[in-house]
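The working numbering puts the first residue of the sequence shown at 300, with every later residue one more than the last. Every residue, glycine too, gets a C-beta built ideally from N, C-alpha and C. Contents: one structure, followed by commentary.
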Amino acid sequence: MLGAAVVAGRAQEVRPWTMDDCMRYAAENSLKVRAGQHRSDTYVAEYRAAVAGLFPSVGARIGGQLNYGRSIDPQTNTYNNVSTFNNSYAVYASLPLFDGGQLINEAKAARINRLLGRHELRRAQDEAALAVMEAFANVLYYGGTVRLASEKLDESSRMLHKTQRMEELGMKGAADVAQMAAQMAADDYNLTHQRNLCDAAVRTLKEAMNYPTDKALALDTTVAVPPTSGEEEATTEEIFLRAKADNPTMQAAECRQQAARYQYRVARGAMLPQLTFEVGISTNYFRNLADQHTTAFSKQFFDNNRGEYLALTLSIPLFDGLSRYTSARRARNTMRIANTERDETLRQLRTAVEQAVADREGFAKEAVQMQRKVEADSIAYRVTLRKYEEGLSSAIDLQTAANTLLEARANLLQKQLSYEIKRRLVAYYQGEGLATESETPRKPSQQFNPSTSQQTNPSTIQQFNPSTSQQTNPSTIQQTPWIYN
């Protein structure tokens with residue numbers, strides 16, 4: 300249900316959501332963003348583990364053994380039936396001196412993956428924000444078509460009443476009255492249809508935001524657009540170079556490429572010999588349960604049975620069923636795939652930038668032409684209406700002119716919203732944020748209404764509000780939110 304908050308107290312209770320507010324909410328609450336946060340945390344933990352792997356590994360071991368029945372006497376090396384108890388202790392440390400660079404390359408790969416997690420998280424936030432931006436624009440569009448359809452229904456109702464009066468005066472016939480009644484019924488249906496489309500757009504917006512569906516959502520229908528500066532706009536190539544250096548999708552692809560290269564080095568290092576240094580100390584306590592004169596625990600532990608050792612271990616892989624060779628080949632192919640995917644991502648980014656710039660310029664031109672068409676159709680409708688009142692045109696001619704004007708105004712609103720989306724998208728490729736971190740202040744300036752014919756250049760659009768049809772003084776702008784349940 301679409302309704303306007305016309306009561307001042309009601310408007311103060313509900314803070315309207317701007318497009319930036321909705322985008323920021325989605326970037327913080329999207330389920331994909333939450334999953335990206337968990338993946339990023341995993342990459343951080345893996346990086347810490349890889350760095351810790353460069354340090355010596357230290358361990359301790361404690362064991363106890365109680366023997367019953369026949370066993371070997373360690374002093375005489377003969378079997379006896381004496382029960383014994385043995386308690387062993389050991390502390391040891393090992394340090395890989397050479398492992399083919401596996402540990403170093405694993406640490407480098409983990410460091411790249413940590414950056415990858417950050418880029419993927421930012422990409423998830425940007426994707427959520429962009430999806431909400433389109434959904435918000437759809438809500439504005441269908442909200443505008445609801446207003447246009449409502450105005451058209453009011454106009455049809457007024458014309459039906461006027462035609463009935465003219466019939467009573469003998470100026471119009473019953474056919475004209477029937478034609479106007481049919482047009483009013485069609486306009487009533489169109490209003491209901493547009494409201495249904497608007498409700499569906501609101502549900503899509505809430506889904507994209509991960510916003511509770513059972514809560515009302517008050518939307519600020521004013522979209523702020525910064526005025527065009529006098530500086531020369533960046534070329535497509537300049538925008539592409541900025542996007543290549545800052546776009547999270549591109550950076551994630553480059554991180555995967557680098558991580559795959561380090562993983563290939565790890566797999567190659569596993570085919571080389573490994574040299575490990577070990578140091579340790581061990582002791583034990585032994586007791587013959589049948590002998591009452593056992594040496595004291597402290598003397599055995601610290602003096603009699605204590606021993607230390609140093610060791611160098613050289614491990615040379617000779618044959619393991621081609622496991623290492625297969626792993627290296629798999630890692631090499633993974634690296635080549637990552638290189639290919641990085642090139643494909645770069646190509647897609649260039650195409651996306653070129654398309655966004657072309658769409659922005661195209662929608663700007665289309666909006667200018669559509670504005671002129673709205674002006675021309677408005678004049679044509681007023682002329683046809685005057686002729687209809689004078690009996691010089693039929694009801695069908697009036698309906699055709701009215702429908703043409705309605706379609707032109709709806710198309711103008713669509714082109715203006717499409718231009719705003721593409722303008723924001725191009726700015727995003729240039730490195731501007733999507734309002735996912737901090738509040739973007741709205742600068743009051745010129746109030747632009749898509750349904751009027753005053754503004755003709757989209758490059759100078761500063762603010763437009765699909766929910767209003769009057770040109771407003773910027774110093775006295777009072778925004779009235781749409782509240783959706």
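Per-residue DSSP class, three states only, for residue i
i, result
"V667", "helix"
"N412", "helix"
"F397", "strand"
"Y608", "strand"
"R314", "coil"
"A657", "helix"
"A589", "coil"
"Y378", "strand"
"A517", "strand"
"T512", "coil"
"M470", "coil"
"N328", "helix"
"E719", "helix"
"S626", "helix"
"Q562", "helix"
"N710", "helix"
"A487", "Before going further, note that residue 487 is Asp rather than Ala in the sequence given. Three-state result, D487: helix."
"D319", "helix"
"T341", "helix"
"E450", "helix"
"T534", "coil"
"N546", "coil"
"T639", "helix"
"S456", "helix"
"A428", "helix"
"S692", "coil"
Own chain, CB closer than 6 Å to residue i, minus 5 neighbours either side, in chain order
i, result
"A558", "A408, I411, N412"
"M570", "R623"
"K331", "A423"
"C497", "L301, Y441, G442, V445"
"D676", "T703, L704, A707"
"Q482", "S455, Q698"
"S614", "Q573"
"K505", "T512"
"A666", "K714, Q715, Y718, P757"
"M508", "C321, Y324, A325, V431"
"E653", "T535"
"S737", "Note that S737 scores a pLDDT of 42, beneath 50, so its modelled location is shaky and nothing firm can be said."
"R567", "A627"
"R605", "T582"
Own chain residues within Cβ distance below 7 Å of residue i, not counting five before or after
i, result
"A709", "T444, L447"
"R564", "G400, N404"
"K721", "A655, D658, R659, F662"
"T600", "With the sequence shown as reference, residue 600 is identified as Phe, and Thr is not the correct amino acid for it. So the list reads T582, Y584, once near-sequence residues are dropped."
"T593", "R586, N587"
"P616", "M570, R623"
"G730", "R541, D545"
"A552", "E640, R641, T644"
"W316", "L516, A517, L518, D519"
"M470", "G690"
Inter-residue CB distance, residue i and residue j (contact presumed, cutoff 8 Å)
i, j, result
"V350", "A430", "About 37 Å separates the two Cβ atoms, so there is no contact after all."
"K461", "D486", "Between D486 and K461 the Cβ distance is about 15 Å, and since that is not below 8 Å, they are no contact."
"Q573", "F397", "6 Å"
"C321", "L415", "28 Å between Cβ atoms; not a contact."
"L420", "M549", "That pair is no contact at about 15 Å."
"L394", "G352", "So it is not a contact: roughly 11 Å between Cβ atoms."
"V501", "L516", "7 Å"
"Q713", "A637", "Incorrect: roughly 41 Å between the Cβ atoms, too far for contact."
"A480", "L459", "6 Å"
In DSSP terms, what residue i is bridged to
i, result
"S614", "Q573"
"V390", "A359, I580"
"I371", "Y378"
"Q364", "N385"
Any non-hydrogen atom of the ligand SAH within 7 Å of residue i CB
i, result
"V390", "You won't find the ligand SAH in this model; it holds no ligand whatsoever."
Contacts around residue i, its chain only, beta-carbon distance under 8 Å, and the 5 residues preceding and following it disregarded
i, result
"A786", "This structure cannot settle anything about residue 786, because the visible part of the chain is limited to 300 through 784."
Should the stretch 608–628 be called in touch with the stretch 687–700, which here means at least 3 C-beta pairs below 8 Å?
-> no
Can you find at least 3 beta carbon pairs, one from the stretch 682–696 and one from the stretch 413–430, that sit closer than 8 Å?
-> no
Please determine if the stretch 387–395 and the stretch 535–544 are in contact, where contact requires at least 3 C-beta pairs separated by less than 8 Å.
-> no
Can at least three beta-carbon pairs, one atom from the stretch 682–692 and one from the stretch 574–591, be found at a separation below 8 Å?
-> no
Are the stretch 538–545 and the stretch 365–384 touching, with three or more C-beta to C-beta distances below 8 Å?
-> no
So does the stretch 653–673 actually touch the stretch 713–728, counting three or more Cβ pairs closer than 8 Å?
-> yes
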